[in-house]
Amino acid sequence: MDQASDEHRTALYAHKKRREWGRAFLLWERNEKRGYLFEDGVEKVLARDFYELMEEVQVPAEEFEALRKRLGVHAQGLRSRSSGSNSALSFDEQLKVFRIEYPGGFTGSDWLTKHRGRDVKRRIKRHRDGAIAQARERLSQAEISAGLAGQQYRRVWDAALAVLGATDLVPNNVLEKLSGPGAEQLRSLAEDVGGLLHGEGPHEARFDRFANTLKAVFRTPSWQLATALPALVDPEHQLCVRPTSIREQLKQMAPGVTLERWPTSAQYSALLGVGLRLKEKLEGAGEKPSDLMDIYDFIRLTTRPAAKGLAAQGSATSDRASQAQSPDDATEAA
Numbered sequence: 054m055d056q057a058s059d060e061h062r063t064a065l066y067a068h069k070k071r072r073e074w075g076r077a078f079l080l081w082e083r084n085e086k087r088g089y090l091f092e093d094g095v096e097k098v099l100a101r102d103f104y105e106l107m108e109e110v111q112v113p114a115e116e117f118e119a120l121r122k123r124l125g126v127h128a129q130g131l132r133s134r135s136s137g138s139n140s141a142l143s144f145d146e147q148l149k150v151f152r153i154e155y156p157g158g159f160t161g162s163d164w165l166t167k168h169r170g171r172d173v174k175r176r177i178k179r180h181r182d183g184a185i186a187q188a189r190e191r192l193s194q195a196e197i198s199a200g201l202a203g204q205q206y207r208r209v210w211d212a213a214l215a216v217l218g219a220t221d222l223v224p225n226n227v228l229e230k231l232s233g234p235g236a237e238q239l240r241s242l243a244e245d246v247g248g249l250l251h252g253e254g255p256h257e258a259r260f261d262r263f264a265n266t267l268k269a270v271f272r273t274p275s276w277q278l279a280t281a282l283p284a285l286v287d288p289e290h291q292l293c294v295r296p297t298s299i300r301e302q303l304k305q306m307a308p309g310v311t312l313e314r315w316p317t318s319a320q321y322s323a324l325l326g327v328g329l330r331l332k333e334k335l336e337g338a339g340e341k342p343s344d345l346m347d348i349y350d351f352i353r354l355t356t357r358p359a360a361k362g363l364a365a366q367g368s369a370t371s372d373r374a375s376q377a378q379s380p381d382d383a384t385e386a387a
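Each residue of the sequence shown is one higher than the one before, starting from 54 at the first, in this note's numbering.
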């Protein structure tokens, strides 16, 4: 299988402005273009400037598998048209990609402006500092406790949805399904949000309780939904999990781990360990991520389809520089 179809084989996409096209699998990426196979069997190619119009969508497991099997013949026919390795980038290659795009690292003005939202006039969804501040204000222990004490369960749940809706951490199609729970469901959701973020006892038990409530109420699996709120309220210790990105990171750092479709605390602990080890490796390489939200964005940036091309480009540049070095220079550098 080619590079893009392998990386995104568990993800579906939809065009933000062309919903009539239906859902699609990303099959390949090359020459600043991506090829998508839609559910009617038609392949459409988008140029780089239009990548953001395709957003990830999630469906129940049985629906996903049915679509995958139905389109399998079409996908097989297209694989020969693309190229690339299925192997994940090494840490050094990820670091190379990161430094090509952000020479100043996590503390450089490019990263701080684009990803953290420092010194910007208007906050957008990818800006992390504003999202963290909003989450800590609207989902503070005092705010949630006041809502629960007054049985204002919708107030608590709506605050959680408002926080998530102002970020790019949870797909829009998932958020759209979360606004209409019944009274008893609202109570469970509100109590479990409070328990997850500020409750006592082991985090594992609180995580599983929240994840199980999401599963019972909405029946749509979402690692992002189960992990985004803790990651925003406590980004120093909690990691938001984006499935398509973390799968690639696991290939490099924990090849024996297979990401389960439904969130569980046992697997989350393993994924959090990967995030913390990656943070340590980056710090050992001289980089200074602020928190695990920086790690989330680093993983997303360096595991996307275009990253392998950038890594190869960086290697070619280094090779040319090495070959151009004079014997005296080489001796001096040694």
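In this text, a Cβ means the ideal position worked out from N, Cα and C, and glycines have one as well.
All values reported here derive from a predicted model rather than from experimental measurement.
| task | Name the two residues that bound the continuous alpha helix (DSSP H) containing Y321. | result | Counting along the chain, the alpha helix (DSSP H) containing Y321 begins and ends at S318 to G337.
| Which two residues bound the contiguous beta strand (DSSP E) that contains R169? | Element bounds for R169: n/a, residue is neither H nor E.
| Touching or not, the region 258-266 and the region 96-108, by the rule of three or more beta carbon pairs under 8 Å? | Short answer: they don't touch.
| Between the C-alpha atoms of K167 and R181, what's the straight-line distance to the nearest angstrom? | Taking the straight line joining both Cα atoms gives about 9 Å.
| When I185, A243 and I197 are compared against L217, the one with the closest alpha-carbon | Taking L217 as reference, the option from I185, A243 and I197 with the minimal CA-CA separation is I185.
| query | What is the DSSP secondary structure of A307, counted as helix, strand or coil? | reply | Looking at A307 - three-state DSSP - the assignment turns out to be coil, as it is neither helix nor strand.
| alpha helix (DSSP H) runs contained entirely in the region 165-239, provided each spans 4 or more residues | Listed in chain order, the complete alpha helix (DSSP H) runs (minimum 4 residues) inside the region 165-239 are 181-191, 194-202, 206-218 and 225-228.
| said: With three or more C-beta pairs closer than 8 Å as the rule, is the region 316-335 touching the region 242-259? | reply: Under the three-pair Cβ rule at 8 Å, the region 242-259 counts as touching the region 316-335.
| query | Cα separation between A128 and R121? | reply | In this predicted model, A128 has a pLDDT of only 44, less than 50, meaning its place in the structure is not dependable; the value taken from the coordinates is given anyway. Each residue's CA atom was taken as its position, placing A128 and R121 some 9 Å apart.
| field | Beta carbon proximity, V223 to chain D, threshold 8 Å | value | The structure shown contains no chain D; it holds only a single protein chain.
| message | If I measure Cβ to Cβ from K230 and keep anything under 7 Å in the same chain, skipping five residues before and after, which residues do I get? | response | Closer than 7 Å at Cβ, skipping near neighbours: F271 and T273.
| field | Boundaries (first-last residue) of the beta strand (DSSP E) holding A141 | value | Note, A141: premise wrong, no beta strand (DSSP E); not H, not E.
| The beta strand (DSSP E) with L267 in it runs from where to where? | Residue range H256 to F271 is occupied by the alpha helix (DSSP H) that includes L267, with no beta strand (DSSP E) assigned at that position.
| Any idea which residues DSSP pairs L65 with across the strands? | Under DSSP, L65 forms a beta bridge with V110.
| said: By the DSSP assignment, the alpha helix (DSSP H) with V286 in it spans what residues? | reply: Start and end: W276 to V286.
| request: Give the straight-line distance between the Cα atoms of G203 and P156, rounded to the nearest whole angstrom. | output: Looking at the two C-alpha atoms, the distance is approximately 50 Å.
| query | Taking one C-beta from the region 101-120 and one from the region 77-91 each time, how about it: are there three or more such pairs within less than 8 Å? | reply | With the rule of 3 Cβ pairs closer than 8 Å, the region 101-120 counts as touching the region 77-91.
| query | Hey, out of D145, Q111, D245 and R353, whose CA is closest to A338's CA? | reply | Cα-wise, what sits closest to A338 is D145.
| S138 to L79 span [Cα, whole Å] | The predicted position of S138 is uncertain, since its pLDDT is 43 and thus under 50; no value can be drawn from it.
| query | Can you tell me the Cα-Cα spacing of G328 and I348, whole angstroms? | reply | Taking the straight line joining both Cα atoms gives about 7 Å.
| DSSP-derived helix/strand/coil call for Y155 | Look at Y155 here: in three-state DSSP terms it is coil, with no helix or strand label.
| query | Leaving out the 5 sequence neighbours to the left and right, which residues in its chain are closer than 7 Å to H68 when beta-carbon positions are compared? | reply | By the criterion of a C-beta distance shorter than 7 Å, H68 is surrounded in its chain by W74, L106 and M107, once the five residues flanking it on both sides are discounted.
| field | Member of W315, R314 and R300 whose CA lies at the smallest distance from the CA of P308 | value | Nearest option by C-alpha distance: R300.
| query | Going by alpha carbons, who is nearest to K334 out of E96, Y89, L142 and L148? | reply | Between K334 and the set E96, Y89, L142 and L148, the nearest pair of CA atoms involves L148.
| query | How many angstroms separate the CA atom of P358 from the CA atom of G200? | reply | One C-alpha to the other measures close to 43 Å.
| message | Could you pull the DSSP bridge partners for V98 from this structure? | response | Answer by DSSP bridge pairing, in chain order: G88.
| task | Figure out for me which residue from Y89, A364, R72 and V110 has the closest Cα to the Cα of L65. | result | Checking every option, the nearest Cα to that of L65 belongs to V110.
| Delimiting residues of the beta strand (DSSP E) encompassing L80 | The continuous beta strand (DSSP E) containing L80 extends over residues R76 to R83.
| Where L292 falls: helix, strand or coil (DSSP) | If DSSP states are grouped into helix, strand and coil, L292 belongs with coil.
| message | Quick check on the DSSP output: the alpha helix (DSSP H) that includes T355 runs from which residue to which? | response | Run containing T355: L345 to T356, per the alpha helix (DSSP H) assignment.
| task | Consult DSSP for D245 and reduce its assignment to one of helix, strand or coil. | result | Judged by DSSP in its simplified three-state form, D245 adopts helix.
| Hey, out of R71, K70 and Y89, whose CA is closest to A77's CA? | Of R71, K70 and Y89, the residue nearest in Cα terms is Y89.
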